[in-house]
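Here the structure comes first, spelled out in structure tokens, and everything after it is commentary.
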Amino acid sequence: MKLTNSCVEVPIYKQNHKFIIGKGAETDVIAIRGPKEDVTKTKKRLLDISNEKQLIGHTAEIVSNPEQDKFLIGKNGTSIKKVIDKTGIRMVFPNENDNDKNTITTIGIKEEVETAKNEINSPITQLIDTAETTIEIDPKLHHYFVRSAEVLKPISNDYSGVPLVFLKLALIVSR
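Listed below in structure tokens is the structure:
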């Protein structure tokens with residue numbers, strides 16, 4: 001069996017350098033030299049890795065009001081965990097140091113990122129149409145509302161499950 005040497009160049013996407021070539025690479029091309037069969041297999045493997053990283057590295061931005069983020073995340077993160085578990089994406093919410101506080105970034109495979117984006121945009125659309133108000137109830141009447149759910153629950157049910165909550169005194173004072 002006669003082995004013939006071969007040389008081939010494989011282009012690598014710049015954003016994948018750190019995964020394949022290493023940080024600080026000066027070129028987008030890897031040269032492969034060796035026996036023809038090994039060069040062919042190596043080229044295929046490098047292109048597969050590069051394409052996989054290209055797919056996984058897809059991002060999408062979702063615009064939301066930072067005040068809505070707590071509703072998107074849900075209690076103890078349950079709402080957002082469902083989306084992440086279902087799609088396998090990573091999600092980055094802005095923090096206090098970010099200039100753009102309105103952009104949530106999703107990262108993952110293109111189809112999964114799009115699915116997550118749609119699932120998150122749905123409640124955002126609902127939240128845009130959401131209003132909040134407070135009313136003062138004479139403390140003499142609190143017992144009437146608080147004694148059981150028989151007063152508040154039917155009102156909530158009559159209006160699409162709108163939550164009715166008595167604010168704590170500390171919250172009222174801070175407003």
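Last residue of the sequence shown: 175 (full-length UniProt numbering), numbering continuous. We treat Cβ as the ideally placed atom computed from N, Cα and C, and that holds for glycine.
Item: Using the Cβ count rule (16 or more neighbours within 10 Å means buried), how would you classify residue 120?; Value: buried
Item: Would residue 89 and residue 113 qualify as a contact pair, given that the criterion is a beta-carbon distance under 8 Å?; Value: yes
Item: How should residue 151 be labelled, buried or exposed, when 16 other C-beta atoms within 10 angstroms of its C-beta is the threshold for buried?; Value: exposed
Item: Please classify residue 161: is it buried, with 16 or more other beta-carbons within 10 angstroms of its beta-carbon, or exposed?; Value: exposed
Item: Between the beta-carbon of residue 102 and the beta-carbon of residue 157, is there less than 8 Å?; Value: no
Item: I'd like to confirm the pairing. Which residues does DSSP put opposite residue 106 in its beta bridges?; Value: 60, 91
Item: So, with DSSP's three-state summary, where would you put residue 73?; Value: helix
Item: Under the three-state reduction of DSSP, which class applies to residue 135: helix, strand or coil?; Value: coil
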